[in-house]
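So, in structure tokens, the structure goes:
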């Protein structure tokens, strides 16, 4: 049965559909981009650089992007960003169809950086437009549905589909992503809403207003710091995960795509269960539970030699991550005034997502540094075990310092 929210709210239905389409494409890219990089080189540092390049723009551009978002028509901005992403993916497609030359992996990293730069605008604008489309009482439900659709298309369908397509031709996932992005842009253009009124402030004044709000809200700032550390650890493991699957577990593209699909089932479970878990367990206990599950899951992967065990552990990690996301995104959307939402949300995501390229590079460097003295098997396990230890420390900090209303 269709969700009542999807049935009664046309604008939300269009935004939901656009998000599902773009995340289907993103899910294929999640597998196809590092797989393309691994065809160009076996150097873990170079592969990590491609992964980091997609997240590096969050470190550079997320803060100024918020000022731009607050002064723009968010609907139009989302659609234009999707069309721009389609053009960049077309460049990656041309690279995939050509004969890899020496150093071509660095061209791929450059295109990945451009793709991530467009994603900064798109994702921030999409997250800040939701409170203008659904009522405050529907935020948890809407965010849960959006996250579950993102995981269903982006992890459950996209990666295994990419694995099948890669077997037929490495360029196919990129071509399908282009089509999905163009269709998503069309859905967003059909949304009917009034654009926000410009604040009238100059860029520097508008930026400082957002930074001042963030600085004066200690709960929001602490939440951003915890998210930044958690995403650093997550990306450090994700960066080497494909090499772990290939070299330690001996998996192929289709098998690795299946593991990503099981991850997605965990994410869907966490997204849909989040509103009920908050009511039954409580807001803060859910946050602490999420951090604990992250640490346990990373530790299990680090010690495992089974694809089934790895898949089960990642199922739990992703379920906990989506529970965290639904709680914190809805909490921020209520707490931050609408006229400041783009700026403050972008500053928040600077902390939370800006750490991801650093984590991606850290994961690659750890493996490179430990491979000679410890061997490749243990070196590929090390980022997961380090992440498990760091999550234990993070949980202690959260129990002492992190309390939401």
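Residue numbers (the working numbering): 293 to 697. Glycine is no exception: its CB is placed at the ideal position from the N, C-alpha and C atoms. A quick note: this is a predicted structure, and the numbers were derived from the prediction, not measured.
Which term fits residue i, buried or exposed, when burial requires 16 or more other beta carbons within 10 angstroms of its beta carbon?
i	result
residue 402	exposed
residue 438	buried
residue 688	exposed
residue 344	buried
residue 391	exposed
residue 378	buried
residue 441	buried
residue 374	buried
residue 549	buried
residue 428	exposed
residue 272	Beyond the ends of the chain as shown, which are 293 and 697, falls residue 272; an answer cannot be given.
residue 586	buried
residue 649	buried
residue 327	buried
residue 713	Look at the range of the chain in this structure, 293 to 697, and you will see that residue 713 is not part of it.
residue 460	exposed
residue 293	Confidence in residue 293 is poor, its pLDDT being 42 and thus under 50, which makes the residue's placement unreliable; the coordinate value appears in the next sentence. Result: exposed.
residue 695	exposed
residue 287	Residue 287 lies beyond the stretch modelled for the chain, which goes from 293 to 697, so this question has no answer here.
residue 640	buried
residue 555	buried
residue 645	buried
residue 675	buried
residue 667	exposed
residue 661	exposed
residue 494	exposed
residue 366	buried
residue 507	exposed
residue 302	exposed
Would you report the Cα separation of residue i and residue j, rounded to the nearest angstrom?
i	j	result
residue 416	residue 638	7 Å
residue 670	residue 613	26 Å
residue 424	residue 476	19 Å
residue 590	residue 631	39 Å
residue 300	residue 314	23 Å
residue 413	residue 334	32 Å
residue 486	residue 364	11 Å
residue 522	residue 395	32 Å
residue 411	residue 372	11 Å
residue 317	residue 408	14 Å
residue 625	residue 420	8 Å
residue 483	residue 306	7 Å
residue 503	residue 665	45 Å
residue 466	residue 606	26 Å
residue 603	residue 552	8 Å
residue 322	residue 329	12 Å
residue 332	residue 628	45 Å
residue 362	residue 570	30 Å
residue 634	residue 622	14 Å
residue 579	residue 432	15 Å
residue 463	residue 535	21 Å
residue 575	residue 617	12 Å
residue 354	residue 595	36 Å
residue 568	residue 686	25 Å
residue 422	residue 643	21 Å
residue 577	residue 533	29 Å
residue 376	residue 405	13 Å
residue 511	residue 456	45 Å
residue 573	residue 684	21 Å
residue 619	residue 681	24 Å
(request) Flag this pair as touching only if the region 348-360 and the region 496-508 have three or more C-beta atom pairs under 8 Å; answer yes or no. (result) yes
(request) Would you check if the region 460-473 and the region 335-350 touch, i.e. whether three or more CB-CB distances between them fall below 8 Å? (result) With the cut-off at 8 Å, the region 335-350 and the region 460-473 do not touch.
(request) Pair every Cβ in the region 449-463 with every Cβ in the region 346-355, then say whether three or more of these pairs are closer than 8 Å. (result) no
(request) Determine contact between the region 591-602 and the region 539-554, defined as no fewer than three beta-carbon pairs at a distance below 8 Å. (result) Inter-segment contact for the region 591-602 and the region 539-554 is present: three or more beta-carbon pairs are separated by less than 8 Å.
(request) Spell out a yes or no on whether the region 646-655 and the region 511-529 are touching, meaning 3 or more CB-CB pairs, one atom from each, closer than 8 Å. (result) yes
(request) Taking 8 Å as the threshold, find out whether the region 552-568 comes into contact with the region 679-697 through three or more Cβ pairs. (result) no
(message) Which runs of the beta strand (DSSP E) at least 3 residues long sit entirely within the region 668-693? Give them in chain order.
(response) none
(message) Extract the residue ranges of the alpha helix (DSSP H) inside the region 393-428, only unbroken runs of 4 or more that lie entirely within it.
(response) 396-421
(request) Jot down the residue ranges of each uninterrupted alpha helix (DSSP H) in the region 557-628, minimum 4 residues, whole runs only, in chain order. (result) 575-595, 599-627
(request) Within the region 295-376, note down every full alpha helix (DSSP H) run reaching 4 residues or more, in order along the chain. (result) 296-300, 302-332, 336-362
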